[in-house]
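Structure record follows, encoded as C-alpha cells.
Chains as they are written, first to last, in the numbering used here: chain A, 220 to 522; chain B, 3 to 134.
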C-alpha cells in the first residue's frame, strides 16, 4: 500500500498547484470567463463589442497565466506582475474614458474568479490544497481588482481635470467690441481661481489694445454671493489701477436682490442692467455718438 | 545715492521710474517730488511706472502718500502704465489706491492731467469773470 500511496501523493502534489494547472487550461478558463461576462446583466455591449471584450480578456489572461506559471503569485507588488498591472491599467483607463461605470470595470476582473475556481475545483481533488490554492487565487484577483479601481479613478480624474481646464479656458474670452472698449462676458460660477484668470486676461488685453473701458457682463453668472462680489470688486479696482474704467452689466433682478440683502456695497462701481446700456454709457464716456444714416442726406451730399 | 530724475514740463512734473523701486529710493522720490512741486508751482504730476515689475505694500503706500501730498499742494497726480501683475498685487494687498488717478500710458495720462487742470482753472476763471 505504501508504495502506491506514496506515488499517488507525489502525483497529486505535483499536479495540484494552480500555477501548474491553470496555464494548461487557458482556453477552458477563457470560455468560462467570457460566458460569465456575457451573462452579466450589466454588460455594456453599447460601449464595447463582444469581440473587443474577448480581445481584452485574452490579452489579460495570457499575461496573467504567464506570471502564474512561475509559481509564486501571491505578491502583486513583485516585478513579475508589472506586465499584468500595465495591461490591466490600460484596460481600465480606456474604460474610464469610454464611460463605463466602476462596477462594470471591476466586474471584468472579478468575474475571472468565477471562471478559474471551477477549473481549480475540477482539477484539484485534495480539499486542503484546493482551499489554499483558491485562497491564494482569491487574494490575487482581489488585488488586481484594487489596481483596476485605482486606475479607473485616476482615469476619471484626468477626464475631469481636462474638462475643468477646457471650461476655464473657453469661458473667459475678452472681446474688443469697439476701439477702446473691451467686453468680458462671464459665464459660470466665479471662484478665486477663475477670477484670477479673468483678471489677468482682462488686464493683459487692456494693455494690448490700449482700451480705456472694460465691460464685465455677469448675465451668465448663476448666483452672486459675498465672495463672488468680492472678486468682482477686486477686478474693478485692478482695472482702475491700470487706468481704465470698468462697467458691470447684466445684473439680473434676483442678483440685485441678493446683493442688497447681503449688504454688499457696489455704490462706487458703475453698474448697468444690460450690455447694451453699458455700451451706450461707454460710448458716452468716449464722447462717441451712434447715429442712423439719413439716406436723403446722403443723396444731397452726393449732389 | 541714486535718485530718480524729475523733469519739469510746463506746469507738469514728469517722473519716469526706470528701475525697480527699493524703499530708500521711494522715500527719496517722495520728498524730492514734494519739494519740486513747491518750487515750480507745478499743477500736475505724472508718474510712469511701466518699468516697475515688483511692488510691495510700502511702495503702494508711498504712491498713495505722493498723491495725497500733491493734492494738498494743489497738484493732480496721475500714475500711468501700471503693469497687470503690479495691479493685481496691489489689489491682493488690499491697496485699491482710491486717491490716485490712473491712465494707461503717458499720452493718456497727459490728456487726463490737462483735463483736470482745465476743470479747476475753469472754476477760477468763471469766478474771476463774474464780478466784471
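Don't be surprised by glycine CBs; every beta carbon is placed ideally from N, CA and C.
Subject >> Close-in-space but distant-in-sequence residues of the same chain around residue 339 of chain A (CB under 8 angstroms, 5 per side omitted) >> reply: The count along the first chain starts at 1 and reaches residue 339 of chain A at position 120. If the five residues before and after residue 339 of chain A are omitted, its C-beta is found closer than 8 angstroms to the C-beta atoms of 237, 240, 241, 349, 352, 353 and 356, all from its own chain and listed in chain order.
**OP:** With residue 20 of chain B as the anchor, note down where its beta strand (DSSP E) starts and where it stops.
**Re:** The residue given as residue 20 of chain B occupies position 18 in the second chain. Annotation for residue 20 of chain B: no beta strand (DSSP E) segment contains it, and DSSP assigns it neither H nor E.
**OP:** Name the two residues that bound the continuous alpha helix (DSSP H) containing residue 241 of chain A.
**Re:** Reading the first chain from its first residue, position 22 is the one you call residue 241 of chain A. Residue 241 of chain A -> no alpha helix (DSSP H), and no H or E assigned at all.
Original post:
When you compare only the Cα positions, how much space is there between residue 62 of chain B and residue 314 of chain A?
Top reply: Translated into the one-based positions of the second chain, residue 62 of chain B becomes position 60. Translated into the one-based positions of the first chain, residue 314 of chain A becomes position 95. Cα to Cα, the separation comes out at about 54 angstroms.
Subject >> Backbone secondary structure at residue 14 of chain B - three-state DSSP >> reply: Indexing the second chain from 1 puts residue 14 of chain B at position 12. Reduced to three states, the DSSP call for residue 14 of chain B is strand.
Subject >> For residue 403 of chain A and residue 82 of chain B, the rounded distance between their alpha carbons >> reply: The sequence position of residue 82 of chain B within the second chain is 80, counting from 1. The sequence position of residue 403 of chain A within the first chain is 184, counting from 1. Their Cα atoms are separated by approximately 23 angstroms.
Subject >> Contact list for the stretch 314-326 of chain A against chain B, Cβ threshold 7 angstroms >> reply: none
Original post:
In chain A, which residues lie with their C-beta within 8 angstroms of the C-beta of residue 71 of chain B?
Top reply: Here residue 71 of chain B is taken as the residue at index 69 of the second chain, counted from 1. None at all; the shortest Cβ gap to chain A is about 19 angstroms.
Original post:
Does the beta carbon of residue 82 of chain B come closer than 8 angstroms to any beta carbon on chain A?
Top reply: Residue 82 of chain B sits at position 80 when you count from the first residue of the second chain. Taking Cβ atoms only, chain A reaches closer than 8 angstroms to residue 82 of chain B, which makes this a yes.
Original post:
In the DSSP assignment, what are the bridge partners of residue 47 of chain B?
Top reply: Here residue 47 of chain B is taken as the residue at index 45 of the second chain, counted from 1. DSSP output for residue 47 of chain B lists B:15 and B:79 as bridge partner(s).
Original post:
DSSP state of residue 134 of chain B, grouped into three classes?
Top reply: One-based indexing of the second chain puts residue 134 of chain B at position 132. Low confidence applies here, because residue 134 of chain B scores a pLDDT of 40, under 50, leaving its location unreliable; read the following figure in that light. In this structure, residue 134 of chain B counts as coil in the three-state DSSP scheme.
**OP:** Check each residue of the stretch 244-272 of chain A: if its Cβ is closer than 9 angstroms to any Cβ of chain B, include it; give the result in chain order.
**Re:** Under the 9 angstroms Cβ criterion, the stretch 244-272 of chain A contributes no residue.
Subject >> Contact with chain A by residue 95 of chain B, beta-carbon distance below 8 angstroms >> reply: Against the second chain, residue 95 of chain B aligns to sequence position 93. Residue 95 of chain B does not count as touching chain A.
**OP:** Take residue 6 of chain B and list the residues in its own chain whose beta-carbon comes closer than 7 angstroms to its own, dropping the five residues that flank it on each side.
**Re:** Along the second chain, one-based indexing puts residue 6 of chain B at 4. Closer than 7 angstroms at Cβ, skipping near neighbours: 17, 19, 27 and 31.
Subject >> Euclidean distance between Cα positions of residue 74 of chain B and residue 396 of chain A >> reply: Mapped onto the second chain, residue 74 of chain B falls at position 72. Mapped onto the first chain, residue 396 of chain A falls at position 177. Each residue's alpha carbon lies about 40 angstroms from the other.
Original post:
Does the beta-carbon distance from residue 558 of chain A to residue 399 of chain A come in below 8 angstroms?
Top reply: Since the first residue of chain A shown is 220 and the last is 522, residue 558 of chain A is not available in this structure.
Subject >> Delimiting residues of the beta strand (DSSP E) encompassing residue 336 of chain A >> reply: Reading the first chain from its first residue, position 117 is the one you call residue 336 of chain A. Per DSSP, residue 336 of chain A belongs to no beta strand (DSSP E); it is in the alpha helix (DSSP H), 321-342.
Original post:
Do you know offhand how far residue 265 of chain A's Cα is from residue 316 of chain A's?
Top reply: Start at 1 with the first residue of the first chain, and residue 265 of chain A comes out as number 46. Start at 1 with the first residue of the first chain, and residue 316 of chain A comes out as number 97. So the alpha carbons of these two residues sit roughly 15 angstroms apart.
Original post:
Where does residue 135 of chain B land, buried or exposed, given buried means 16+ other C-beta within 10 angstroms?
Top reply: The first residue shown for chain B is 3 and the last is 134, placing residue 135 of chain B beyond what the model contains.
Original post:
Are the stretch 43-51 of chain B and the stretch 426-439 of chain A touching, with three or more C-beta to C-beta distances below 8 angstroms?
Top reply: no
**OP:** Please say whether residue 425 of chain A and residue 401 of chain A have beta carbons closer to each other than 8 angstroms?
**Re:** On the first chain, position 182 is the one that residue 401 of chain A refers to. On the first chain, position 206 is the one that residue 425 of chain A refers to. Yes.
**OP:** Report the rounded CA-to-CA distance for residue 334 of chain A versus residue 280 of chain A, giving the unit in angstroms.
**Re:** Taking the first chain and counting its residues from 1, the one referred to as residue 334 of chain A is at position 115. Taking the first chain and counting its residues from 1, the one referred to as residue 280 of chain A is at position 61. So the alpha carbons of these two residues sit roughly 11 angstroms apart.
Original post:
Would residue 21 of chain B pass as a contact of residue 35 of chain B if the rule is Cβ separation under 8 angstroms?
Top reply: Here the question's residue 21 of chain B lines up with position 19 in the second chain. Here the question's residue 35 of chain B lines up with position 33 in the second chain. Contact: no.
**OP:** Measure from the C-beta of residue 67 of chain B to each C-beta in chain A and report whether the shortest distance is under 8 angstroms.
**Re:** Reading the second chain from its first residue, position 65 is the one you call residue 67 of chain B. For residue 67 of chain B, the answer is no, since every Cβ of chain A falls outside 8 angstroms of its Cβ.
Subject >> Between the CA atoms of residue 44 of chain B and residue 123 of chain B - distance to the nearest angstrom >> reply: For this step, residue 123 of chain B is matched to residue 121 along the second chain. For this step, residue 44 of chain B is matched to residue 42 along the second chain. About 14 angstroms.
Subject >> Close-in-space but distant-in-sequence residues of the same chain around residue 227 of chain A (CB under 6 angstroms, 5 per side omitted) >> reply: Here residue 227 of chain A refers to the residue found at position 8 when the first chain is read from its first residue. Reliability fails at residue 227 of chain A, whose pLDDT of 49 lies under 50, so the model's placement of it is uncertain and the value that follows must be treated cautiously. Within the same chain, residue 227 of chain A has no close Cβ partners at all.
**OP:** Determine the closest residue to residue 56 of chain B out of B:33, B:116, B:86 and B:102, with distance taken between C-alpha atoms.
**Re:** Mapped onto the second chain, residue 56 of chain B falls at position 54. Of the listed residues, the one whose Cα sits closest to residue 56 of chain B is B:86.
Original post:
At least one CB of chain A closer than 8 angstroms to the CB of residue 112 of chain B: is that the case?
Top reply: Residue 112 of chain B sits at position 110 when you count from the first residue of the second chain. Closer than 8 angstroms: no.
**OP:** Just mark residue 134 of chain B as buried or exposed, buried being the case when its beta carbon has 16 or more other beta carbons within 10 Å.
**Re:** As a working note, residue 134 of chain B is residue 132 in the second chain. At residue 134 of chain B, the pLDDT of 40 sits below 50, so the modelled position is not reliable; the number obtained from the coordinates is stated separately. Counting Cβ neighbours within 10 Å, residue 134 of chain B comes out exposed, since fewer than 16 surround it.
Subject >> Interface flag, residue 413 of chain A vs chain B, CB-CB below 8 angstroms >> reply: To locate residue 413 of chain A, count along the first chain from 1; it is residue 194. No, residue 413 of chain A does not count as interfacial toward chain B.
Original post:
Within 10 angstroms of its Cβ, does residue 501 of chain A collect 16 or more other Cβ (buried), or is it exposed?
Top reply: Working through the first chain from its first residue, we reach residue 501 of chain A at position 282. Its Cβ being crowded by 16 or more others within 10 Å, residue 501 of chain A is buried.
Original post:
When you compare each of A:358, A:458 and A:469 to residue 104 of chain B by their alpha carbons, which one comes out closest?
Top reply: Within the second chain, residue 104 of chain B is the residue found at index 102, counting from 1. Looking at the Cα atoms, A:458 is the closest of the given residues.
Original post:
Does residue 453 of chain A come within less than 8 angstroms of chain B when only Cβ atoms are used?
Top reply: Stepping through the first chain from its first residue, residue 453 of chain A is reached at position 234. At least one chain B Cβ lies under 8 angstroms of residue 453 of chain A.
Subject >> Which of helix, strand or coil DSSP assigns to residue 250 of chain A >> reply: Numbered from 1 along the first chain, position 31 holds the residue referred to as residue 250 of chain A. Correct three-state label for residue 250 of chain A: helix.
**OP:** Please check if any C-beta of chain A sits within less than 8 angstroms of the C-beta of residue 99 of chain B.
**Re:** To locate residue 99 of chain B, count along the second chain from 1; it is residue 97. With 8 angstroms as the cut-off, residue 99 of chain B counts as an interface residue toward chain A.
Original post:
Any contact of the stretch 504-514 of chain A with the stretch 474-481 of chain A, i.e. 3+ C-beta pairs under 8 angstroms?
Top reply: With the cut-off at 8 angstroms, the stretch 504-514 of chain A and the stretch 474-481 of chain A do not touch.
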